[in-house]
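Novice:
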Amino acid sequence: MVYETVPRTVRIILLGEPGVGKTSLILSLVTEEFTEHVPPKAEEITIPADVTPEQVPTNIVDVCLAEQSIEQVAEEIEKAHVICIVFSVDKQETLDKIATYWLPFVRDNCPDDCRKPVILVGNKIDLIDYSVIDNIWDIAEEYPEVDRCIECSAKTLTNVSEMFYNAQKAVLHPIGPIYSIEEQE
Ligand code: GTP
1 MVYETVPRTV RIILLGEPGV GKTSLILSLV TEEFTEHVPP KAEEITIPAD
51 VTPEQVPTNI VDVCLAEQSI EQVAEEIEKA HVICIVFSVD KQETLDKIAT
101 YWLPFVRDNC PDDCRKPVIL VGNKIDLIDY SVIDNIWDIA EEYPEVDRCI
151 ECSAKTLTNV SEMFYNAQKA VLHPIGPIYS IEEQE
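All the letters of the sequence shown, read from the start, carry residue numbers 1 to 185 under our numbering.
#1: Please find out if some non-hydrogen atom of the ligand GTP comes closer than 7 Å to the beta-carbon of Gly21.
#2: Excluding five sequence neighbours on each side, which residues of the same chain lie with their C-beta closer than 6 Å to the C-beta of Glu185?
#3: Would you say the beta carbon of Asn123 comes nearer than 7 Å to a heavy atom of the ligand GTP?
#4: Can you look up Glu151 in the DSSP assignment and give me helix, strand or coil?
#5: Give me the Cα-Cα distance between Ile77 and Ile139, rounded to the nearest whole angstrom.
#6: What is the C-beta distance between Pro117 and Pro57, in whole angstroms, given that I count them as a contact (C-beta under 8 Å)?
#7: Where Ala154 and Ile26 are concerned, what is the direct C-alpha to C-alpha distance, given to the nearest angstrom?
#8: How about Leu29 and Val89: do their beta carbons lie closer than 8 Å?
#9: Is Lys41 close to the ligand ATP? I mean its beta-carbon at under 7 Å from any heavy atom of the ligand.
#10: Assign Asp108 to one of two classes, buried (16 or more other C-beta atoms within 10 Å of its C-beta) or exposed (fewer than that).
#11: Please classify Cys114 as buried or exposed, where buried requires at least 16 other C-beta atoms within 10 Å of its C-beta.
#12: In three-state terms, what does DSSP make of Thr186?
#13: Within the continuous alpha helix (DSSP H) that includes Thr94, where are the two ends?
#14: Check the C-beta distance from Val17 over to Lys97 and give it rounded, since I have them as a contact under 8 Å.
#15: For Asn166, which residues from the same chain have a beta carbon less than 7 Å from its beta carbon, with the 5 sequence-adjacent residues on both sides left out?
#16: Comparing the CB of Val38 with every heavy atom of the ligand GTP, is any distance shorter than 7 Å?
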């Protein structure tokens, strides 16, 4: 697989089923606290280079299917360097949709010879006391563009900054698949 050449900014897009916590993850990262009521879609934010671990300006783009057409989402995928597909660890159907819908959709909107790294993000780990990561290996095997998988919680802030850092790293230092549960607090 050939990745794009390393860019000077990193553009991260968050995809996934409604209600999995995409907007909450972005706002938890920015405000360092969880807000129960978030807007349907976060404004695009830019994190300045000097506060990112990799010293690279980073744009974060939220997607909300209730507010955007599928064509607009496709355009955003084309502009992104890395794609975070979020699911909710307590809702199996949101994980199922990653392989049946989101990964094929991302492929359809990336040239074959230049796939973009994908991070699978299991959010809401505060709601369960086990890991669902074993259910992800088959997906990662079928889709080699899946670069990393991480479990996190926008509510407890667990692994939220790590998730965005992993997305940055996937662009700046592409490597084979890893699983970063050991980074959980
Ligand atoms: P759409 O805008 O419909 O695409 O949803 P979204 O993926 O942006 O989800 P959103 O951030 O709006 O969160 C949906 C619901 O899940 C809200 O009630 C959040 O408070 C809740 N939520 C988000 N993250 C977490 C989490 O880590 N833990 C728990 N318990 N609830 C969360």
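All C-beta atoms, glycine included, are put in the ideal place defined by N, C-alpha and C.
Specialist: If we stick to the structure as given:
#1: yes
#2: With a pLDDT of 42 at Glu185, under the threshold of 50, the modelled position of that residue is not reliable, and the figure given next carries that caveat. So the qualifying residues of the chain are Thr158.
#3: yes
#4: strand
#5: 20 Å
#6: Not quite, the Cβ-Cβ distance comes to about 18 Å (not below 8 Å), so this is no contact.
#7: 8 Å
#8: no
#9: Inclusion of the ligand ATP in the displayed structure is not the case, the ligand content consisting of the ligand GTP alone.
#10: exposed
#11: exposed
#12: Because the chain here runs from 1 to 185, residue 186 falls outside it and cannot be looked at.
#13: 92 to 97
#14: According to the sequence shown, residue 17 is Glu rather than Val. Correct: roughly 5 Å between the Cβ atoms.
#15: Ile119, Arg148, Ile150, Ser180
#16: yes
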